[in-house]
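Asks:
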Amino acid sequence: DQQVKQNSPSLSVQEGRISILNCDYTNSMFDYFLWYKKYPAEGPTFLISISSIKDKNEDGRFTVFLNKSAKHLSLHIVPSQPGDSAVYFCAAVNNYGQNFVFGPGTRLSVLP
Amino acid sequence: DTGVSQNPRHKITKRGQNVTFRCDPISEHNRLYWYRQTLGQGPEFLTYFQNEAQLEKSRLLSDRFSAERPKGSFSTLEIQRTEQGDSAMYLCASSLETSGGSYEQYFGPGTRLTVT
Numbered sequence: 001d002q003q004v005k006q007n008s009p010s011l012s013v014q015e016g017r018i019s020i021l022n023c024d025y026t027n028s029m030f031d032y033f034l035w036y037k038k039y040p041a042e043g044p045t046f047l048i049s050i051s052s053i054k055d056k057n058e059d060g061r062f063t064v065f066l067n068k069s070a071k072h073l074s075l076h077i078v079p080s081q082p083g084d085s086a087v088y089f090c091a092a093v094n095n096y097g098q099n100f101v102f103g104p105g106t107r108l109s110v111l112p
Numbered sequence: 113d114t115g116v117s118q119n120p121r122h123k124i125t126k127r128g129q130n131v132t133f134r135c136d137p138i139s140e141h142n143r144l145y146w147y148r149q150t151l152g153q154g155p156e157f158l159t160y161f162q163n164e165a166q167l168e169k170s171r172l173l174s175d176r177f178s179a180e181r182p183k184g185s186f187s188t189l190e191i192q193r194t195e196q197g198d199s200a201m202y203l204c205a206s207s208l209e210t211s212g213g214s215y216e217q218y219f220g221p222g223t224r225l226t227v228t
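For the record, the sequence lines run as chains B and U. Note that this note's numbering has the first sequence beginning at 1, numbered continuously upward. Note that this note's numbering has the second sequence beginning at 113, numbered continuously upward.
(1) Let me check you understand the geometry: is the CB of residue 134 (chain U) closer than 7 Å to at least one non-hydrogen atom of the ligand ZN?
(2) If we ignore side chains and look at the alpha-carbon of each, how far apart do residue 107 (chain B) and residue 190 (chain U) end up?
(3) So does the region 14-23 of chain B actually touch the region 69-82 of chain B, counting three or more Cβ pairs closer than 8 Å?
(4) Evaluate residue 202 (chain U) with the Cβ neighbour count: other Cβ atoms within 10 Å of its Cβ, from every protein chain shown; 16 or more gives buried, anything less gives exposed.
(5) When you check each C-beta in the region 30-42 of chain B against every C-beta of chain U, which residues fall closer than 9 Å?
(6) What whole-angstrom Cβ distance do residue 200 (chain U) and residue 150 (chain U) have, given they're in contact under 8 Å?
(7) Between residue 110 (chain B) and residue 220 (chain U), what straight-line distance do the alpha-carbon atoms span, to the nearest angstrom?
(8) For residue 153 (chain U), return the contacting residues in chain B, with the cut-off set at a CB-CB distance below 7 Å.
(9) Going along chain U in order, which residues have a C-beta closer than 7 Å to the C-beta of residue 93 (chain B)?
(10) With a cut-off of 8 Å, does the C-beta of residue 184 (chain U) fall near any C-beta of chain B?
(11) Using a Cβ-Cβ cutoff of less than 7 Å, which residues in the same chain neighbour residue 14 (chain B) once the five nearest sequence positions on both sides are dropped?
(12) Can you tell which of B:103, B:32, B:66, B:42 has its C-alpha closest to the C-alpha of residue 51 (chain B)?
(13) Report the rounded CA-to-CA distance for residue 216 (chain U) versus residue 2 (chain B), giving the unit in angstroms.
(14) Identify every residue that forms a DSSP beta bridge with residue 36 (chain B).
(15) Is the CB-CB distance between residue 222 (chain U) and residue 102 (chain B) below 8 Å?
(16) Please list, in chain order, the chain U residues whose beta carbon lies closer than 9 Å to that of residue 100 (chain B).
(17) When you check each C-beta in the region 161-180 of chain U against every C-beta of chain B, which residues fall closer than 9 Å?
(18) Within 8 Å of any Cβ in chain U, is that where the Cβ of residue 62 (chain B) sits?
(19) Okay, do the region 46-62 of chain B and the region 4-14 of chain B touch, 3+ Cβ pairs below 8 Å being the bar?
(20) Could you please give the first and the last residue of the uninterrupted beta strand (DSSP E) stretch that includes residue 163 (chain U)?
(21) Can you tell me whether residue 118 (chain U) is buried or exposed, with buried defined as 16 or more other CB within 10 angstroms of its CB?
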């Protein structure tokens, strides 16, 4: 039972264009969502997060959108850069940060 | 302190042997998490400590697995009688509980376990 889904295993985008990574969840008790980036041979690195009381959070080139009614969130990267090429994980948490559930990840390739 | 560290980075062991991994979190962080990650999957939650108290354990954590965090500092994860299915990357993460409720975790580089 996958509570957090990332249905696109991979995505290729041209440098300078927008990258949109999607994430769906099934548990309505999740109240905080995070995106992590992972390079090979490294642990995941925190990128951006959003509380369920908001619908948008922006940090530089990265924006996360949350649609609670659809149980859907997305990460927008504008403009995409080759250094953004990595695996991106969506994560959801409830119970005061005790129980994190990660999606399977989307591999983003930004082509020069 | 530059981040979360994990030792060893790689461990190869024979089936049936016991292994122990260590995690040193960011020093001021009071929360510590262990995850397991296999190829093509996201990290799977194993267990969580608030200071020295183990507050949450996944059903993935069989009785062959035990974790400790003495004195609320470093943590160890031990796997007894290893099986080939235990082969995975074991990740540790730490975070600081804040009144604002942000839950950003900082991950270590992981320990890759191979059971032959």
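Glycine residues also receive a C-beta, built at the ideal position from the N, C-alpha and C atoms.
Replies: Concretely, from the data shown:
(1) The model depicted lacks the ligand ZN and carries no ligand whatsoever.
(2) Position 107 of the first sequence, counted from the start, is the residue given in the question as residue 107 (chain B). Position 78 of the second sequence, counted from the start, is the residue given in the question as residue 190 (chain U). So the two alpha carbons sit approximately 31 Å from each other.
(3) yes
(4) Along the second sequence, read from residue 1 onward, the residue named residue 202 (chain U) stands at position 90. Buried, because 16 or more other Cβ atoms sit within 10 Å of the Cβ of residue 202 (chain U).
(5) 31, 32, 34, 36, 38, 41, 42
(6) Looking up residue 200 (chain U) in the second sequence gives position 88. Looking up residue 150 (chain U) in the second sequence gives position 38. Sure, about 5 Å apart at Cβ, within 8 Å.
(7) For the purposes of this step, residue 110 (chain B) is taken as residue 110 along the first sequence, with counting starting at 1. For the purposes of this step, residue 220 (chain U) is taken as residue 108 along the second sequence, with counting starting at 1. If you take the alpha carbons of residue 110 (chain B) and residue 220 (chain U), they lie about 25 Å apart.
(8) Counted from its first residue, the second sequence places residue 153 (chain U) at position 41. By Cβ distance, chain B contributes 104.
(9) Here residue 93 (chain B) refers to the residue found at position 93 of the first sequence. Those within 7 Å of residue 93 (chain B) in chain U are 215.
(10) Looking up residue 184 (chain U) in the second sequence gives position 72. Output row for residue 184 (chain U): interface = no.
(11) Numbered from its first residue, the first sequence carries residue 14 (chain B) at position 14. 111.
(12) Mapped onto the first sequence, residue 51 (chain B) falls at position 51. Residue B:32 is the option with its Cα nearest to residue 51 (chain B).
(13) Walking along the second sequence from the start, residue 216 (chain U) turns up at place 104. Walking along the first sequence from the start, residue 2 (chain B) turns up at place 2. Cα to Cα, the separation comes out at about 22 Å.
(14) Taking the first sequence and counting its residues from 1, the one referred to as residue 36 (chain B) is at position 36. Its beta-bridge partners are B:46, B:89.
(15) The residue you call residue 222 (chain U) lines up with position 110 of the second sequence. The residue you call residue 102 (chain B) lines up with position 102 of the first sequence. In this structure, residue 102 (chain B) does not lie closer than 8 Å to residue 222 (chain U) by Cβ.
(16) Working through the first sequence from its first residue, we reach residue 100 (chain B) at position 100. Within 9 Å Cβ-Cβ: 145, 147, 155, 157, 160, 205, 215, 217.
(17) 162, 167, 168, 170
(18) Along the first sequence, one-based indexing puts residue 62 (chain B) at 62. Judged by the 8 Å Cβ criterion, residue 62 (chain B) is not in contact with chain U.
(19) no
(20) Position 51 of the second sequence, counted from the start, is the residue given in the question as residue 163 (chain U). Here residue 163 (chain U) belongs to no beta strand (DSSP E), and DSSP marks it neither H nor E.
(21) Position 6 of the second sequence holds residue 118 (chain U). With 16 or more Cβ atoms within 10 Å of its Cβ, residue 118 (chain U) is classed as buried.
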